[in-house]
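Here our numbering is used: the first residue of the sequence shown is 418, the next is one more, and so on.
Scroll down for the structure; my scribbles are underneath it.
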Amino acid sequence: MKRKICFLLIACVLWLSGCSNGGNGPVSTQPIKSVVEYDRMFRITCLSNQYIYDSKQMEKESPLHFTLQLEYIGEEPSVTIWRNEAIGGIEMMHANGESVLPLVIGDTLGSTELKKGEVYTITVWTGESEYDYLGGFSPGDYIAAAHVSFSLDYDLEKDVLCFIDLPFVIV
């Protein structure tokens with residue numbers, strides 16, 4: 418339910434911004450992003466090159482383009498985070514919240530040092546696996562559901578878990 422409300426709110430804002438540009442170009446050419454700040458320590462950003470993707474112009478190797486980033490913004494010069502194989506990922510979902518193809522994250526424990534103010538790219542997601550699995554994309558409303566998961570200690574007791582939804586459309 419929370420995901421649907423967030424999707425509708427973002428879609429309305431994007432629609433209104435498209436209506437207010439006086440017809441000077443489609444919304445699809447504008448990059449979009451969603452940002453979450455966690456406890457004044459981390460900034461998590463999900464970016465897309467565009468809001469509307471044309472299914473007829475998609476390339477099999479890279480039909481979509483989303484980037485998930487993590488930035489440490491706390492008080493110390495750096496922080497060490499403990500994570501599984503991947504700090505996070507992006508999953509493609511239909512607008513109703515149903516997964517297109519489930520995201521798989523490994524379970525190998527490791528650590529990463531994040532320096533204050535440096536942006537760390539967690540993943541660049543192109544939707545290639547989903548495109549291959551489905552044989553292309555059907556037009557419709559979708560969500561790039563990003564998540565970041567790590568811990569502030571080796572014992573994995575101080576967890577950071579953030580979710581970001583970034584809606585997009587395939588025409």
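We put the beta carbon where it would ideally sit given N, CA and C, even for glycine.
Predicted model only: the values in this text are computed from it and were never measured.
Residues bridged to residue i [DSSP beta-bridge criterion]
i, result
"Ser546", "Answer by DSSP bridge pairing: none, since Ser546 is not bridged."
"Ser451", "Cys463"
"Leu531", "Val496"
"Ile469", "Val586"
"Ile581", "Ala563"
"Val517", "DSSP lists no partner for Val517."
Between the CA atoms of residue j and residue i - distance to the nearest angstrom
i, j, result
"Leu360", "Val586", "With the chain running from 418 to 588 in the structure shown, residue 360 is simply not present."
"Ala503", "Lys533", "20 Å"
"Asn438", "Ile449", "Because Asn438 sits at a pLDDT of 35, beneath the cut-off of 50, its placement in the model cannot be relied upon, and the point is left open."
"Pro494", "Tyr571", "19 Å"
"Phe459", "Ile490", "5 Å"
"Leu487", "Asp582", "15 Å"
"Gly557", "Val541", "22 Å"
"Tyr537", "Thr484", "11 Å"
"Ser546", "Ser451", "23 Å"
"Gln467", "Gln447", "5 Å"
"Pro584", "Phe567", "24 Å"
"Met509", "Glu530", "29 Å"
"Leu569", "Thr497", "7 Å"
"Asp564", "Asn501", "For the sequence presented, residue 564 should be read as His rather than Asp. If you take the alpha carbons of His564 and Asn501, they lie about 13 Å apart."
"Gly505", "Ile539", "7 Å"
"Asp456", "Thr462", "15 Å"
"Val453", "His511", "22 Å"
Among the options, nearest to residue i - alpha-carbon criterion
i, options, result
"Cys579", "Glu535, Val517, Ile507, Ser472", "Ile507"
"Tyr548", "Lys575, Arg457, Ser472", "Ser472"
"Ala562", "Ser516, Leu551, Leu531, Lys575", "Ser516"
"Lys477", "Gly553, Thr540, Leu531", "Gly553"
"Ser465", "Asp576, Thr543, His564", "Thr543"
"Asp576", "Ser546, Leu518, Trp499, Asp558", "Trp499"
"Tyr470", "Glu574, Ile560, Ile539, Val496", "Ile560"
"Val588", "Glu454, Ile461, Gln474", "Gln474"
* Whole beta strand (DSSP E) runs in the segment 551-575 with 3 or more residues, listed along the chain? -> 557-568
* Asked: At what residue ranges does the segment 479-512 contain a whole run of the beta strand (DSSP E), taking only runs of 3 or more?
  -> 483-489, 495-500, 505-511
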